[in-house]
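Numbering (our numbering), first residue to last: 12 to 133. Ideal Cβ placement from N, Cα and C applies to all residues, glycine included.
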Amino acid sequence: MAPTNEWLIQIPDHPNMLSKRMEVRPYLPLPPFDPSPTNPSPSRSKHLEDLKPLIASGKIVFGGACLDEPLQEGKGMQTNGSAMMVVCETEKEAREVVEGDVYAKAGVWDTGNMKTAVRTAL
12 MAPTNEWLIQ
22 IPDHPNMLSK
32 RMEVRPYLPL
42 PPFDPSPTNP
52 SPSRSKHLED
62 LKPLIASGKI
72 VFGGACLDEP
82 LQEGKGMQTN
92 GSAMMVVCET
102 EKEAREVVEG
112 DVYAKAGVWD
122 TGNMKTAVRT
132 AL
């Protein structure tokens, strides 16, 4: 069997996408349902729920937002894109994972300026 490649991927956001990013990453209340906006917990992210099968299969090793600056108490998160590691054979397969994500489908990510680095898995 051929070795599998690990693709480190950085995807910038289009400019001024923080509100859109939060819009397409809704938090879904878990039972018992409490629709109060002041009580968001317990909740789960639909975005993260959609990634669970890819994580469980080992296709996505890690991922997260890229920040303009470290998080600070009392100050909102300022993102400029995302980074992830995808395990697959080809760059085409890695790009398909990215393009299937809710951020790409909603136009948050600037996939045309995506950067990749690859190594053969050890």
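>> Quick check: the Cα distance between P23 and G69, rounded to an integer number of angstroms?
In response: 23 Å
> Given N27, which residues of its chain have a CB within under 6 Å of its CB, disregarding the five upstream and five downstream residues?
Replying inline: none
> Can you tell me the Cα-Cα spacing of E107 and Q89, whole angstroms?
Replying inline: 26 Å
> Using DSSP with H/G/I as helix, E/B as strand and the rest coil, what is R130?
Replying inline: strand
> From M136 to L62, what distance separates their C-alpha atoms?
Replying inline: Shown here, the chain extends from 12 to 133; a query on residue 136 therefore has no answer.
> What's the call for R130, buried or exposed, on a 16-neighbour Cβ count within 10 Å?
Replying inline: exposed
>> Helix, strand or coil for V108? Go by DSSP, reduced to three states.
In response: helix
> Can you check whether the CB of A117 is closer than 8 Å to the CB of K31?
Replying inline: yes
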